[in-house]
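What follows is a single structure, written as structure tokens, with notes after it.
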Amino acid sequence: MSDDFTIPAFRAVPRTGVIYVTSEAHKLGYRSSDPDWCNLGQGQPETGELPGAPPRMHEVAVRVDDQEYAPVPGLWELRESVASLYNRLYRKGLPSQYGADNVSICGGGRAALTRAAASLGHVNLGHFLPDYTAYEELLDVFKAFTAIPILLEGDRGYAFTPDDLKKEIQGRGLSALLLSNPCNPTGKLVQGDELSRWVGTAREQDCSLLIDEFYSHYIWTGRPGQLPIESAARYVEDVNRDPVVLFDGLTKNWRYPGWRVTWTVGPAKVIEAVASAGSFLDGGGSRPLQRAAISLMSDEVVKQETTAIHAAFRDKREKMIARLERIGIRPDRAPDGTFYVWGNLSSLPPPLNDGMGFFRAALARKVITVPGEFFDVNPGKRRSRRASRFRSYTRFSFGPPQAQIDLALSRIEEIVRSATQR
3 MSDDFTIPAF RAVPRTGVIY VTSEAHKLGY RSSDPDWCNL GQGQPETGEL PGAPPRMHEV
63 AVRVDDQEYA PVPGLWELRE SVASLYNRLY RKGLPSQYGA DNVSICGGGR AALTRAAASL
123 GHVNLGHFLP DYTAYEELLD VFKAFTAIPI LLEGDRGYAF TPDDLKKEIQ GRGLSALLLS
183 NPCNPTGKLV QGDELSRWVG TAREQDCSLL IDEFYSHYIW TGRPGQLPIE SAARYVEDVN
243 RDPVVLFDGL TKNWRYPGWR VTWTVGPAKV IEAVASAGSF LDGGGSRPLQ RAAISLMSDE
303 VVKQETTAIH AAFRDKREKM IARLERIGIR PDRAPDGTFY VWGNLSSLPP PLNDGMGFFR
363 AALARKVITV PGEFFDVNPG KRRSRRASRF RSYTRFSFGP PQAQIDLALS RIEEIVRSAT
423 QR
């Protein structure tokens, strides 16, 4: 039966880049448990034991009262634990401190972002190109605000200064800006004094920063002797007045993506709004998993896990960059953060110099990648995909174990060698 038909009242809902490429791989027999497949498209880190990391949690106790719904904003105890962790990591000695009323717990990162998007008014919301693929539908489905794209240039290393931010706010009338930091897919990180100036500009210009910090513990440009993490929470003056809203969770930085335990941190008025949105959007997260997450907020767990991530993933990063460059795939800049390499394919022979052509060729060899055009965030499809600035790019994940990465890169090397010899 043909798939070319519609059901009354329903529209075709696009899939994010990772979901699309995984679905295409499933058609060819992909299963995550099959060691012959190499998933360099995955958006999750490896979840097993790492040297020096705390033991992985394999069991979660369920109390009698855990059979009930959790409060929509999350368990108060976990909200307190998250607030306390942010204060210890980023706000020691500062007069303004986060409290439980500055935190909302949610069942996944996209759910948290959806709550925030549903809480926005009739404003201009800026977003960068390229950025996280799931932002596209998120920015289209809610009609209250207008999404304003801001193109970042590869030849500038995807730089965007505080002065650029001020010009965009004033010139386009932005009331909010949504971004991932570090950026998925480029790995560009705004940090230190530059991030402090971003927060100051947002405060002065009355523009809310909605910052996706899910990769904030995967930082490759940290200062010696300091835990390699970064957050705009460090530069907020007043936690209840500064227009800075942060999103994070157990997904990447604790390597528990399957738990779907995430949080929003920001002014108490924002937390009230996103919790109200959650009451009709998702109803709240898992009670037993939220309770289990409290123990993961301790300083010792965070320090051990982050240090272990840094050691293992920095090594994978360096090996992937070096090998891709030998193949002829070069990033516009080495990633400052995340576990991705944003590879420029333009020097490869056709059709491998096109992200979708590369994806199809690699998929035939049981290697999954994500074409760059998926990161050309295009709500409402107002721009043609043919005009995408990122058609010659692919995102490569070094989230999988090293052995899987090595196998994938060997197959990619063979694909490129064969295409070059034709």
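Quick note on numbering: the sequence shown equals residues 3 to 424 in the numbering used here.
Each residue gets a CB set at the ideal place from its N, CA and C atoms; glycine is no exception.
Rounded straight-line distance, which links the Cα of residue j to that of residue i
i      : j      : result
His28  : Ile407 : 19 Å
Pro333 : Arg325 : 12 Å
Thr308 : Met299 : 12 Å
Asp250 : Arg13  : 31 Å
Arg174 : Leu211 : 15 Å
Ile213 : Glu274 : 18 Å
Glu215 : Asn355 : 31 Å
Asp133 : Val66  : 42 Å
Pro337 : Arg328 : 17 Å
Thr266 : Glu416 : 44 Å
Gly19  : Arg319 : 22 Å
Glu206 : Leu167 : 12 Å
Gly382 : Asp157 : 28 Å
Ile370 : Pro97  : 48 Å
Thr203 : Tyr92  : 19 Å
Gly401 : Thr24  : 15 Å
Thr223 : Ser399 : 18 Å
Tyr342 : Lys190 : 10 Å
Gly101 : Gly285 : 22 Å
Ala277 : Leu411 : 44 Å
Asp103 : Gly280 : 15 Å
Gly287 : Pro373 : 32 Å
Tyr395 : Tyr217 : 21 Å
Glu302 : Pro56  : 9 Å
Leu350 : Ala146 : 43 Å
Ala161 : Val192 : 9 Å
Tyr137 : Val201 : 22 Å
Cys108 : Arg257 : 17 Å
Arg316 : Ile221 : 9 Å
Pro352 : Gly359 : 8 Å
Lys368 : Ser35  : 13 Å
Asn380 : Leu141 : 9 Å
Ser121 : Ala295 : 26 Å
Collapsed DSSP secondary structure at residue i in the structure displayed
i      : result
Phe377 : helix
Thr8   : coil
Pro53  : coil
Leu42  : coil
Val62  : coil
Asp284 : coil
Val263 : coil
Arg17  : coil
Arg425 : Residue 425 lies beyond the range of the chain shown here (3 to 424); nothing can be said about it.
Leu248 : strand
Tyr22  : helix
Arg243 : coil
Arg397 : strand
Leu154 : coil
Status (buried if at least 16 other CB within 10 Å, exposed otherwise) for residue i
i      : result
His312 : buried
Pro403 : exposed
Ile414 : buried
Pro47  : buried
Val304 : buried
Asp165 : exposed
Val246 : buried
Ser297 : exposed
Ala405 : exposed
Val15  : exposed
Leu30  : exposed
Ala11  : exposed
Val105 : buried
Lys169 : exposed
Pro75  : buried
Trp78  : exposed
Phe7   : exposed
Gln423 : exposed
Residue i CB to nearest heavy atom of the ligand PLP below 7 Å
i      : result
Leu115 : What this structure holds is no ligand at all, so the ligand PLP is not there to describe.
Handout entry: Inter-stretch contact at 8 Å, needing at least 3 Cβ pairs: the region 113-131 / the region 355-364
Key = no
Problem - Contiguous beta strand (DSSP E) assignments of at least 3 residues, all confined to the region 71-145 - result: 105-108, 126-131
Exercise for the section: Only counting runs of 4 or more residues, tell me where the alpha helix (DSSP H) segments fall wholly within the region 317-373, in order along the chain. Expected result: Qualifying alpha helix (DSSP H) stretches, in chain order: 357-365.
Practice task
Please list the segments of the alpha helix (DSSP H) lying wholly inside the region 161-233, counting only runs of 4 or more residues, in order along the chain.
Solution key: 164-174, 194-207
Practice task
Give a yes or no on contact between the region 46-56 and the region 74-86, applying the rule of three or more CB pairs nearer than 8 Å.
Solution key: no
Handout entry: Given 8 Å, three or more beta-carbon pairs between the region 116-134 and the region 149-164
Key = yes
Problem - Stretch pair the region 55-66 + the region 233-242: three plus CB contacts closer than 8 Å - result: no
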